[in-house]
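Visitor:
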Ligand code: G6P
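Numbering (the numbering used here), first residue to last: 1125 to 1739.
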């Protein structure tokens, strides 16, 4: 979703902002723009373009000769993912005040923009765009006397909704002001200046030491200094966070797509997520970030898992883990629904919020709702220092490294692994035996090799993908632990190939969707060796009887499957509890190859955003 970048310092602000915008591209966007200021020039130069950043670069080349580019020492930039108003040039950010002396970029949604717009229009301000964001810049111009920070503080006091903003003014070419309420902003001070962004991935190539603003903070940044106050202008101190990503991790490293790179990173990511956390002799796991002792764990009476998208399907697997391994009544909740229901949360309920980015608005809202109702709330996040991670204050990081491809891959397999480790920990504090714990922990230590074995099938999976790449409808089916795997497989395919794909419980297919089956509607059946295999084979037969081709994801050496499908993707033998991991890796590869064969934009699929920071 929308991204913000800002720079002030001795470097070339235009180049630094544009390269920051490239780092933010993965979030999903449909237009981009920047605003530049130079000390000796009392005008803001603003350039925007519809579509990709390449179009903005062409615009810059047309309007800003190289000889002048160096004179700009301050800039803010934005990638916009349209909410209010079409994805076009006028709606692209930055938005400028009528006198051209203030420019803002904004992430989030201003809910009272319509009332503010009417008020400002009556005062003579003219609006160019259909966005909610434009009111902010006119309000700042209206509130300005001679202090930019104070003007921003006075303007944001009038805003309802969420925002992360960066503001510049030609009257203050030595300052960027940023503020946050609900949309992340972070800042890093590096050798040649100060860089702010909505996302650490646009900062880590400058510095690994980052400060995250809290909601209610206003940042004043100069080339060498930063000051943070709250909205009431009282100074506040924020901790420095060390981000352990290196620049290579946010680049493709020879792979054609980030998604491909991230799929192939899974053996390494699974080794990282389990490193130091598996206690094989004790049949247990060690997750210090949960900050929970066995006594506390034994007093938890139920689990609520809340998440969106792929993280929600990881949570579905987690629900089964908590039931099977920890004998805990568990539920997986769509975070967007949770916040608007009246969920029953008791004192002894534990909520686990699962979010790769740690910024998903609905998941964050679910966290706040559960906290409000007195639940113990933990997070499973990948991005260190992200909002959910900070607000819950306890939980488990994935340490999977940055995930840039919009379609989540390594985060899913690591989330499932963390959920298994958590369930074992809760289980050992309850009824899980030492012997059972040892077996499970031993199996978890094999995950990197299981992932490796599936990735080695990539060429075979490509051959199967070639057969089906032109189909327009797919069903994915599974039971038990294979049900969430089916849901996730269908999500991967639709996200990146734009093929209509639905995940279904294998038995539920009969209650409606079976009416759609015919020879052009293939079925992907998740059917490794597990307790639901025979029944799933029955469901596959039902599909074949309706002429649907069946692609099975099955265990190597399982001959029984040969007779009941048209194509087979093999995964290694493993404990059925952990089979969602190799099965989903096979599905990721299948979706990837199909999308590539169809010529789709794999890392930045149309309309999708990596981190959904609005409701
Ligand atoms: C977006 C992404 C998905 C992701 C979901 C939840 O829809 O495109 O890939 O699964 O958000 O994101 P989170 O960061 O909370 O895991």
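Backbone N, C-alpha and C define an ideal beta-carbon position, used for all residues, glycine too. All values derive from a computational prediction rather than experimental measurement.
Under 8 Å, do residue 1606 and residue 1707 count as touching if we go by C-beta distance?
Guide: Working through the chain shown from its first residue, we reach residue 1606 at position 482. Working through the chain shown from its first residue, we reach residue 1707 at position 583. Yes, Cβ-Cβ distance for residue 1606 and residue 1707 is below 8 Å.
Visitor: Does the distance from the C-beta atom of residue 1590 to that of residue 1713 stay below 8 Å?
Guide: Here the question's residue 1590 lines up with position 466 in the chain shown. Here the question's residue 1713 lines up with position 589 in the chain shown. No. Outside cutoff.
Visitor: On the DSSP bridge list, what partners appear for residue 1679?
Guide: For this step, residue 1679 is matched to residue 555 along the chain shown. According to DSSP, which records beta bridges pairwise, residue 1679 is partnered with 1695.
Visitor: Is residue 1407 helix, strand or coil when you go by DSSP?
Guide: Sequence index remark: in the chain shown, residue 1407 carries index 283 (1-based). Coil, per DSSP.
Visitor: Count the other CB atoms within 10 Å of the CB of residue 1225; is the residue buried (16 or more) or exposed (fewer)?
Guide: On the chain shown, residue 1225 is found 101 positions in, with the first residue counted as 1. Residue 1225 comes out buried.
Visitor: Check this for me: beta carbons of residue 1735 and residue 1151, under 8 Å apart or not?
Guide: The residue given as residue 1735 occupies position 611 in the chain shown. The residue given as residue 1151 occupies position 27 in the chain shown. Yes, Cβ-Cβ distance for residue 1735 and residue 1151 is below 8 Å.
Visitor: Which ranges would you report for the beta strand (DSSP E) in the stretch 1504-1551 if only whole runs of at least 3 residues count?
Guide: The stretch 1504-1551 contains these whole beta strand (DSSP E) runs: 1519-1521.
Visitor: Which of the three DSSP states, helix, strand or coil, is assigned to residue 1219?
Guide: The residue you call residue 1219 lines up with position 95 of the chain shown. Here residue 1219 sits in strand by DSSP.
Visitor: Consult DSSP for residue 1623 and reduce its assignment to one of helix, strand or coil.
Guide: Sequence index remark: in the chain shown, residue 1623 carries index 499 (1-based). Looking at residue 1623 - three-state DSSP - the assignment turns out to be coil, as it is neither helix nor strand.
Visitor: Per DSSP, what are the beta-bridge partners of residue 1314 in this structure?
Guide: For the purposes of this step, residue 1314 is taken as residue 190 along the chain shown, with counting starting at 1. 1317.
Visitor: Which word fits residue 1182, buried or exposed, when buried means at least 16 other C-beta atoms lie within 10 angstroms of its C-beta?
Guide: Locating residue 1182 in the chain shown gives position 58, where the first residue counts as 1. Counting Cβ neighbours within 10 Å, residue 1182 comes out exposed, since fewer than 16 surround it.
Visitor: Excluding the five sequence neighbours on either side, which residues of its own chain have a C-beta within less than 7 Å of the C-beta of residue 1286, listed in chain order?
Guide: Taking the chain shown and counting its residues from 1, one reaches residue 1286 at position 162. So the list reads 1232, 1233, 1305, 1306 and 1307, once near-sequence residues are dropped.
Visitor: What are the start and end residues of each continuous beta strand (DSSP E) run of 3 or more residues lying completely inside the stretch 1545-1629, in chain order?
Guide: DSSP runs (the beta strand (DSSP E)) wholly in the stretch 1545-1629: 1597-1602 and 1624-1629.
Visitor: Report all residues from its chain with a CB closer than 6 Å to the CB of residue 1629; omit the five preceding and five following residues, and keep chain order.
Guide: Start at 1 with the first residue of the chain shown, and residue 1629 comes out as number 505. Excluding residues within five positions, the ones whose Cβ falls inside 6 Å are 1607.
Visitor: When every heavy atom of the ligand G6P is checked, does at least one fall within less than 7 Å of the C-beta of residue 1148?
Guide: Along the chain shown, read from residue 1 onward, the residue named residue 1148 stands at position 24. Because no heavy atom of the ligand G6P lies under 7 Å away, the Cβ of residue 1148 does not count as near it: no.
Visitor: Quick test of your reading: residue 1148 and residue 1135, contact by CB under 8 Å. State the CB separation rounded to the nearest angstrom.
Guide: Your numbering for residue 1148 matches position 24 in the chain shown. Your numbering for residue 1135 matches position 11 in the chain shown. That belief does not hold up - the Cβ atoms of residue 1148 and residue 1135 are roughly 18 Å apart, past 8 Å.
Visitor: Would you kindly report the start and end of the unbroken beta strand (DSSP E) that includes residue 1161?
Guide: The count along the chain shown starts at 1 and reaches residue 1161 at position 37. That run of the beta strand (DSSP E) goes 1155-1162.
Visitor: Could you give the distance in angstroms between the alpha-carbon of residue 1303 and the alpha-carbon of residue 1388?
Guide: Residue 1303 sits at position 179 when you count from the first residue of the chain shown. Residue 1388 sits at position 264 when you count from the first residue of the chain shown. Their Cα atoms are separated by approximately 38 Å.
Visitor: Starting from residue 1344, trace the alpha helix (DSSP H) both ways and give me its first and last residue.
Guide: Translated into positions along the chain shown, residue 1344 becomes position 220. Unbroken run through residue 1344 is the beta strand (DSSP E), 1341-1345; no alpha helix (DSSP H).
Visitor: Given the structure, does residue 1267 come close to the ligand G6P, in the sense that its CB is under 7 Å from one of the ligand's heavy atoms?
Guide: Against the chain shown, residue 1267 aligns to sequence position 143. No - the ligand G6P has no heavy atom lying nearer than 7 Å to the Cβ of residue 1267.
Visitor: Taking the continuous beta strand (DSSP E) assigned at residue 1638, which residues delimit it?
Guide: Within the chain shown, numbered from 1, the residue matching residue 1638 stands at position 514. No beta strand (DSSP E) holds residue 1638; DSSP gives it neither H nor E.
Visitor: What are the start and end residues of the beta strand (DSSP E) that includes residue 1253?
Guide: Mapped onto the chain shown, residue 1253 falls at position 129. Per DSSP, residue 1253 belongs to no beta strand (DSSP E) and is neither H nor E.
Visitor: Could you name the residues that DSSP lists as bridge partners for residue 1645?
Guide: Here residue 1645 refers to the residue found at position 521 of the chain shown. Answer by DSSP bridge pairing: none, since residue 1645 is not bridged.
Visitor: Which residues does DSSP list as the beta-bridge partners of residue 1203?
Guide: As a working note, residue 1203 is residue 79 in the chain shown. Answer is 1127 and 1156.
Visitor: Just to confirm, does residue 1490 get its C-beta within under 7 Å of one of the non-hydrogen atoms of the ligand G6P?
Guide: Walking along the chain shown from the start, residue 1490 turns up at place 366. No, the ligand G6P has no heavy atom inside 7 Å of this Cβ.
Visitor: Provide the residue span of the alpha helix (DSSP H) that contains residue 1657, from first to last.
Guide: Taking the first residue of the chain shown as position 1, residue 1657 is located at position 533. Segment 1657-1669, the alpha helix (DSSP H) holding residue 1657.
Visitor: Which stretch, first to last residue, makes up the alpha helix (DSSP H) that contains residue 1709?
Guide: Here residue 1709 is taken as the residue at index 585 of the chain shown, counted from 1. Start and end: 1704-1721.
Visitor: Using a Cβ-based criterion (distance less than 7 Å to any ligand heavy atom), does residue 1582 qualify as near the ligand G6P?
Guide: Position 458 of the chain shown holds residue 1582. Residue 1582: no, Cβ never under 7 Å from the ligand G6P.
Visitor: DSSP state of residue 1473, grouped into three classes?
Guide: Here residue 1473 corresponds to residue number 349 of the chain shown, with the count starting at 1. If DSSP states are grouped into helix, strand and coil, residue 1473 belongs with the strands.
Visitor: Out of curiosity, what's the CA-to-CA distance linking residue 1394 and residue 1494?
Guide: Within the chain shown, residue 1394 is the residue found at index 270, counting from 1. Within the chain shown, residue 1494 is the residue found at index 370, counting from 1. Their backbone Cα atoms lie some 30 Å apart in a straight line.
Visitor: Going by beta-carbon coordinates alone, are residue 1505 and residue 1524 separated by less than 8 Å?
Guide: Looking up residue 1505 in the chain shown gives position 381. Looking up residue 1524 in the chain shown gives position 400. Taking 8 Å as the Cβ cut-off, residue 1505 and residue 1524 do not qualify as a contacting pair.
Visitor: For the ligand G6P, is there a heavy atom less than 7 Å away from the beta-carbon of residue 1532?
Guide: Walking along the chain shown from the start, residue 1532 turns up at place 408. The answer is yes for residue 1532.
Visitor: Quick one: grab the DSSP three-state call for residue 1428.
Guide: By one-based count along the chain shown, residue 1428 stands at place 304. In the structure shown, residue 1428 sits in a strand (DSSP, three-state: E or B).
Visitor: Kindly give me the distance between the Cβ atoms of residue 1313 and residue 1350, rounded to whole angstroms, as I take these residues to be in contact under 8 Å.
Guide: The residue labelled residue 1313 in the question sits at position 189 within the chain shown. The residue labelled residue 1350 in the question sits at position 226 within the chain shown. So it is a contact: roughly 6 Å between Cβ atoms.
Visitor: Which residues in the same chain have their Cβ closer than 6 Å to the Cβ of residue 1547, if we skip the five residues on either side of it in sequence?
Guide: Numbered from its first residue, the chain shown carries residue 1547 at position 423. Excluding positions up to five away in sequence, the list reads 1445, 1446, 1449 and 1450.
Visitor: Opposite residue 1292 in the DSSP bridges: which residues?
Guide: Here residue 1292 corresponds to residue number 168 of the chain shown, with the count starting at 1. According to DSSP, which records beta bridges pairwise, residue 1292 is partnered with 1227.
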